[in-house]
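Asker: Converting from the sequence shown to our numbering requires adding 309 to each position, the first position being numbered 1.
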Amino acid sequence: MSGNGSTAVLYDNATAELSVSLVPAQAELIERLLLCEGDPCTAAALLRAARQPHVATNEPGAAAIRALRPPAHVDLPAALLRIARAVDSETEALYRRKDSGDTGVLALLRSIALRLLELGFTVAEEGGIECRDIEEAIAQAYGFSAQRSGADI
310 MSGNGSTAVL
320 YDNATAELSV
330 SLVPAQAELI
340 ERLLLCEGDP
350 CTAAALLRAA
360 RQPHVATNEP
370 GAAAIRALRP
380 PAHVDLPAAL
390 LRIARAVDSE
400 TEALYRRKDS
410 GDTGVLALLR
420 SIALRLLELG
430 FTVAEEGGIE
440 CRDIEEAIAQ
450 AYGFSAQRSG
460 ADI
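Below is the structure:
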């Protein structure tokens, strides 16, 4: 990535296709495959997937390595995977605690859920989806203002 947050785009003469440079996390994953796991075939496939995010592939691991790179307008499935992974990383331990009988985590899970709803409504509205009725129904069902700020959650 360049200092301004944009992704460098290169022309790969070997494949005659547009190619983007790797972000550090992608390079580390490929290096680990080569050095620690001794799997050059998978490393090469993931290198192609990472350097050419615009090329469709069914290669196992391609979505995961592409998920290490922004932005969403280049690869929406990868952006959605990053979002899902972020939620999973924050909730997985809470789910385990809840499943083992710890009801103390329910308030935490509800807080996360409400924040995700709020973020989802914001994204939906920016995308042209009218969510006011849904927001009001949720607010009424749970007894809080539909105009809550993120700090209240």
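Don't be surprised by glycine CBs; every beta carbon is placed ideally from N, CA and C.
Predicted model, so just to flag it, every value in this text is computed and none were measured.
Rounded C-beta distance between L331 and R360? I'm assuming under 8 Å.
Answerer: L331 to R360, Cβ: 7 Å. Contact.
Asker: Relative to the C-alpha of L418, which candidate in S398, V432, G452, R391 has its C-alpha closest?
Answerer: Considering only alpha carbons, the answer is S398.
Asker: Keeping to the same chain, check which residues put their C-beta closer than 7 Å to that of A381; ignore five residues upstream and five downstream.
Answerer: Taken in chain order, the residues that qualify are A388.
Asker: Does the distance from the CB of R394 to the CB of A376 come in under 8 Å?
Answerer: Yes, the Cβ-Cβ distance between R394 and A376 is below 8 Å.
Asker: With H, G and I counted as helix, E and B as strand and the rest as coil, what does DSSP make of S328?
Answerer: S328: strand per DSSP, three-state reduction.
Asker: What runs of the alpha helix (DSSP H), each 4 residues or longer, lie entirely inside the region 342-380?
Answerer: Fully enclosed alpha helix (DSSP H) runs of 4 or longer: 349-360, 371-375.
Asker: What is the rounded straight-line gap between the Cα of E467 and the Cα of D348?
Answerer: Beyond the ends of the chain as shown, which are 310 and 462, falls residue 467; an answer cannot be given.
Asker: Roughly how many angstroms lie between the CA atoms of E439 and G429, to the nearest whole one?
Answerer: Distance between the alpha carbons of E439 and G429 is about 12 Å.
Asker: Please state the DSSP three-state secondary structure of V414.
Answerer: It is helical.
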